[in-house]
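Everything on this sheet refers to the single structure shown next.
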Amino acid sequence: MRNNVIAFGLWIAALAVGTAAAMEPAAQEVSKPNVLVLLFDDMRFDTFSYRGGPVNTPNIDALASTGTRFDQAMTSTGLCSPSRAALFTGRWGHKNGLDDNVHLFHSRLSEMPLDQGGLIKRAADSGYFVGYVGKWHLGGQGTTLRGAEYVYGEEHHQQRHGRQWTPYSKPVKIGNYYEGKLDANGEKHEYYQTLPGTYKDTETSHIVEHGKEFMKKAAQDKRPFFGVVSFHQPHPPYRVPEPYASMFDPNTLALPANHAVERKFKPMSQDEPYWPWHDVGHMTDLDWRKSRAFYYGAIAMVDRAVGELIETAKQAGVYDDLYIVLAGDQGSMLGEHGLYDKGPYAYDELMRMPLIIRDPNVKPRTITRQVSILDIAPTLAEWMRLPSDGDVDGRSLNALIQRGDSADKGRDDIALYAYEWYNGGWFGIRAIRSPQMKFVWNPGDERDELYDLVNDSVEINNQINNKKYTKQLKVMIKHLEKEMVRVNDPLLEKFRHHMQTYLAR
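According to mature numbering (1 follows the signal peptide of the UniProt record, and there is no 0), the stretch in the sequence shown is residues -22 to -1, 1 to 483, in order.
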């Protein structure tokens, strides 16, 4: 009898242990995080109040104060489609198939190949409720075909492989400006415009409302969510309603040291107006100040948009543990070097981008190491535990987020940038940036560029032929070659051939 009791006791104990063991994986399983990406178009890095800029941005500042500021973030390409493809895939254009703009005048491409699922498809395949609101610019129906369930924006439903948009009306308007003929309100609407109505009438507000609706739906869904709210603002031309149109007095705004400077010993490609509005010979200093004032108004308006989305996340009960990325796809030119909008060059005003990443479990900090837009996808994939979709060129930023700049000890502080195509024209530009120097290889032009960022932060003086910089030039060439090898750049052999003259100095 006693043996039976002992046996029964051992059986109960074994059952208890087995049950606990069976329950242990579930108890230890960590739920997947909710992630929200706030993406802006042509948003410069230097305007926000948290960066000491001229625009009071309390909502973006608040996000920066609770997250990790990447104050030296660089885009991959100063062009919408390639930079966004790099953001969502973590790969350069020669790997993700998108190295030019899509569905615009002269563009070769109409979409990012569907086999490049990127974060959207990877999240959907991993059980996420995926939403995409606003600008996509990677091909018609691309978000839906990749598994997004909530979509808003005309381009998400437009025909695939449709006709390119061609700016037939624009040359006439620019010609009128040369003749002194202005648009309504005495404005140049290809550069700045006071929109009728109020904030609530803008596309920015409509995007916000759909972003709110997505988050409310996501809060009621049992699945984790991955949402992207992507704004067309502040992309030029700078068009805002009141009170944003009059928020800044153009007469009081300072113009930068490189404003409208004569481009001496620069690549010829910088002199060609690829779009009609790139012909800025009619622009006076007051016109440039007005453009800058309207751009600042656009930044104030998108700060309001950020505040509304964050407040909705709080009201929906999803904010406290919400992972947030705020980023721009690239910067934009506001008259620096006499340039407007963007084009095939590598100036900091275009190359640098804002980046704030909020991990709710990590204390806020500022990172001064250079990072890339290509690093966003690996970072999010690590958070969300997404399956691999092939090799990536970016790297996870989570070590920097958790430990600060010290996590990059022993790593070269460099950033790679490229401009392969610009709306159908090939340039093949490669640039490498350190905190002290920038080297730009222009394979389609006889003039490469070298800038001393310590003594010439506004990149006026091209030092490529200055023998005082021979040592620095060779170091930057080696950095660029190393990066081109790392990413398997198809121009590597051509680059090595072109560099022989410099290395022989």
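From the three backbone atoms N, C-alpha and C, an ideal C-beta is built for every residue, glycine too.
This structure is a prediction, so every number in the text was calculated from the model and none was measured.
When the Cα atoms are used, what is the spatial distance from residue i to residue j?
{"i": "residue 190", "j": "residue 300", "result": "14 Å"}
{"i": "residue 147", "j": "residue 303", "result": "37 Å"}
{"i": "residue 473", "j": "residue 398", "result": "14 Å"}
{"i": "residue 444", "j": "residue 347", "result": "28 Å"}
{"i": "residue 52", "j": "residue 114", "result": "20 Å"}
{"i": "residue 89", "j": "residue 135", "result": "13 Å"}
{"i": "residue 400", "j": "residue 294", "result": "42 Å"}
{"i": "residue 160", "j": "residue 261", "result": "12 Å"}
{"i": "residue 175", "j": "residue 389", "result": "51 Å"}
{"i": "residue 110", "j": "residue 318", "result": "29 Å"}
{"i": "residue 433", "j": "residue 447", "result": "13 Å"}
{"i": "residue 214", "j": "residue 253", "result": "12 Å"}
{"i": "residue 296", "j": "residue 378", "result": "25 Å"}
{"i": "residue 360", "j": "residue 345", "result": "19 Å"}
I need the DSSP call for residue i, collapsed to helix, strand or coil.
{"i": "residue 463", "result": "helix"}
{"i": "residue 168", "result": "coil"}
{"i": "residue 97", "result": "helix"}
{"i": "residue 468", "result": "coil"}
{"i": "residue 280", "result": "helix"}
{"i": "residue 481", "result": "helix"}
{"i": "residue 46", "result": "strand"}
{"i": "residue 416", "result": "strand"}
{"i": "residue -2", "result": "Unreliable placement is indicated for residue -2, whose pLDDT of 41 sits below 50; the coordinate value is still reported in the next sentence. Three-state DSSP puts residue -2 in a helix."}
{"i": "residue 427", "result": "strand"}
{"i": "residue 105", "result": "coil"}
{"i": "residue 474", "result": "helix"}
{"i": "residue 266", "result": "helix"}
{"i": "residue 359", "result": "helix"}
{"i": "residue 287", "result": "helix"}
{"i": "residue 208", "result": "strand"}
{"i": "residue 403", "result": "strand"}
{"i": "residue 120", "result": "helix"}
{"i": "residue 392", "result": "coil"}
In chain order, what residues of the same chain have a beta carbon less than 8 Å from the beta carbon of residue i, not counting five sequence neighbours either side?
{"i": "residue 225", "result": "271, 274, 275, 278"}
{"i": "residue 37", "result": "281, 282, 284, 285, 288"}
{"i": "residue 3", "result": "Confidence in residue 3 is poor, its pLDDT being 42 and thus under 50, which makes the residue's placement unreliable; the coordinate value appears in the next sentence. Hits under 8 Å: none found."}
{"i": "residue 200", "result": "none"}
Near residue i, what residues of its chain come up, given a Cβ to Cβ distance below 6 Å and the 5 sequence neighbours on each side ignored?
{"i": "residue 15", "result": "206, 303"}
Could you please give the first and the last residue of the uninterrupted beta strand (DSSP E) stretch that includes residue i?
{"i": "residue 16", "result": "13 to 18"}
{"i": "residue 334", "result": "333 to 336"}
{"i": "residue 327", "result": "Here residue 327 belongs to no beta strand (DSSP E); instead the alpha helix (DSSP H) covers 326 to 329."}
{"i": "residue 345", "result": "343 to 345"}
{"i": "residue 130", "result": "128 to 130"}
Could you pull the start and end residues of the alpha helix (DSSP H) that residue i belongs to?
{"i": "residue 192", "result": "181 to 198"}
{"i": "residue 55", "result": "Per DSSP, residue 55 belongs to no alpha helix (DSSP H) and is neither H nor E."}
{"i": "residue 340", "result": "Segment: none, residue 340 is in no alpha helix (DSSP H) and carries neither H nor E."}
{"i": "residue 381", "result": "376 to 381"}
If contacts are defined as beta-carbon pairs under 8 Å, then residue i and residue j qualify, I think. What distance do you get, rounded to the angstrom?
{"i": "residue 380", "j": "residue 340", "result": "6 Å"}
{"i": "residue 371", "j": "residue 69", "result": "5 Å"}
Give me, in chain order, the residues of the same chain whose beta-carbon lies closer than 7 Å to that of residue i; leave out the 5 immediate sequence neighbours on both sides.
{"i": "residue 95", "result": "124, 367"}
{"i": "residue 33", "result": "25, 26, 27, 274, 277, 278"}
{"i": "residue 356", "result": "68, 370, 372, 373, 374"}
Would the C-beta of residue i count as close to the ligand GDP, meaning under 8 Å from any of its heavy atoms?
{"i": "residue 63", "result": "Absence of the ligand GDP from the depicted structure is noted, as is the absence of any ligand whatsoever, leaving it without description."}
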